[in-house]
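Each position in the sequence shown, counted from 1, maps to that position plus 356 in the working numbering. Beta carbons: idealized from backbone N, C-alpha and C, even for Gly. In this text the structure is predicted, and so the values were computed from the model without any measurement. See below for the structure under consideration.
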Amino acid sequence: RLVAAMQRAGVAPPLVPGGDPGEDDLGRSGGGGGGGPGGWSAEEEAMWDAEAEVGVLLVQFDPATQRRRRLAINARFATMWGQHSEECQARFAALNGTLQFTDLGAVCSFINETRWAMAAQRVFYHRMCFGSGPAARAMLVRTEQRRTFDSEGRITQVKVAHRVVGPDEYDDAARRWPHCCPLVVYGDARPGRQLLADAAADSAEAERIGPLRSSAAGRAVLDRIAGHLERLVDSLEAQPPEP
């Protein structure tokens, strides 16, 4: 139903009132401009690799086929994933990038990504979690995504900037822009410090789909998220079909 509704509508839901954070990590990292075919230049790539705080991922698409033409990351992006640049880029190029959320966090992220699939620019705050159990490595991250479209509305380029933030910045974002925090949107109002402290337990058991389905409290959590997904599909199905 979701895929069919999105294809039928051909548009994204309207933006949520309330605005979003004003800081521009893509511009700060040198990823905001054009510069050569597809928006890359040697100067930009040098700026990305010199950037110590913002991890940048860029993907260029053939607008006619929507097949990927080029993928590039900077050194900071690879460091956040705990990999060497060459390994990280090869994994993402092969669509084998590490899933950076708990099971439940991944579901929330998927719904959120779907909801804003055609938005030109978005900012989100979320918890990334690499690995599971005692070895889990968690961080709070501000993610900025910018999509470029051609005259027919087809995606030509996607730029993503990840910046690790502290618990205070996450909590401030959750208070001022709750619609920019997927966990908050789908019912998880824990403060940033608690999210970091709970990462090992969440990844090992508390946020795994199987165990959640086996308890009444867990099923209530999944039912709440399913309700968000149902409302998203209903809103898309209510829109007039794309001409």
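CA-to-CA distance, residue j to residue i, given in whole angstroms
{"i": "Ala406", "j": "Arg519", "result": "14 angstroms"}
{"i": "Val497", "j": "Phe505", "result": "26 angstroms"}
{"i": "Phe466", "j": "Met403", "result": "31 angstroms"}
{"i": "Gly388", "j": "Arg575", "result": "For Gly388, the predicted structure reports a pLDDT of 45, less than 50, and the residue's modelled location is therefore unreliable. A value from the coordinates is still provided. Cα to Cα, Gly388 sits roughly 42 angstroms from Arg575."}
{"i": "Ala462", "j": "Lys515", "result": "20 angstroms"}
{"i": "Leu551", "j": "His535", "result": "18 angstroms"}
{"i": "Ala573", "j": "Ala555", "result": "19 angstroms"}
{"i": "Gly411", "j": "Ala446", "result": "16 angstroms"}
{"i": "Glu508", "j": "Arg425", "result": "18 angstroms"}
{"i": "Gly392", "j": "Met484", "result": "Caution is warranted here: a pLDDT of 35 is assigned to Gly392, below 50, making its placement in the model unreliable, and the coordinate value is therefore given only provisionally. Rounded to whole angstroms, Gly392 to Met484 spans 33 angstroms at the Cα level."}
{"i": "Leu413", "j": "Phe433", "result": "7 angstroms"}
{"i": "Leu585", "j": "Trp472", "result": "13 angstroms"}
{"i": "Asp528", "j": "Arg546", "result": "12 angstroms"}
Nearest-angstrom beta carbon gap, residue j and residue i [assumed within contact, 8 angstroms]
{"i": "Tyr526", "j": "Gly543", "result": "The pair is not a contact, with the Cβ atoms about 16 angstroms apart (cut-off 8 angstroms)."}
{"i": "Ala517", "j": "Glu500", "result": "5 angstroms"}
{"i": "Leu578", "j": "Arg569", "result": "7 angstroms"}
{"i": "Ala530", "j": "Tyr481", "result": "7 angstroms"}
{"i": "Gln477", "j": "Arg502", "result": "5 angstroms"}
One or two residues paired with residue i in a DSSP bridge
{"i": "Ala494", "result": "Cys485"}
{"i": "Ala428", "result": "Leu414"}
{"i": "Ile467", "result": "The partner list for Ile467 (beta bridge, DSSP) is empty, contrary to what the question assumes."}
{"i": "Glu500", "result": "Val479, Ala517"}
{"i": "Ile511", "result": "Phe505"}
Among the options, the one whose alpha carbon lies nearest that of residue i
{"i": "Glu469", "options": "Ala529, Leu539, Ala555, Ala420", "result": "Leu539"}
{"i": "Ala408", "options": "Asn430, Thr421, Arg447, Ala572", "result": "Asn430"}
{"i": "Phe486", "options": "Phe457, Cys464, Glu508, Arg502", "result": "Phe457"}
{"i": "Gln422", "options": "Arg569, Val412, Thr512", "result": "Thr512"}
{"i": "Val541", "options": "Asp418, Ile581, Ser559", "result": "Ile581"}
{"i": "Pro490", "options": "Arg510, Phe417, Glu400, Ala557", "result": "Ala557"}
{"i": "Arg493", "options": "Ser559, Leu460, Gly583, Glu399", "result": "Ser559"}
Closer than 7 angstroms: residue i CB and nearest the ligand GDP heavy atom
{"i": "Arg503", "result": "Although the ligand GDP was asked about, the structure shown includes no ligands whatsoever."}
Please go through the segment 525-558 and give each complete alpha helix (DSSP H) segment of 4 or more residues, from N-terminal end onward.
-> 538-541, 548-553
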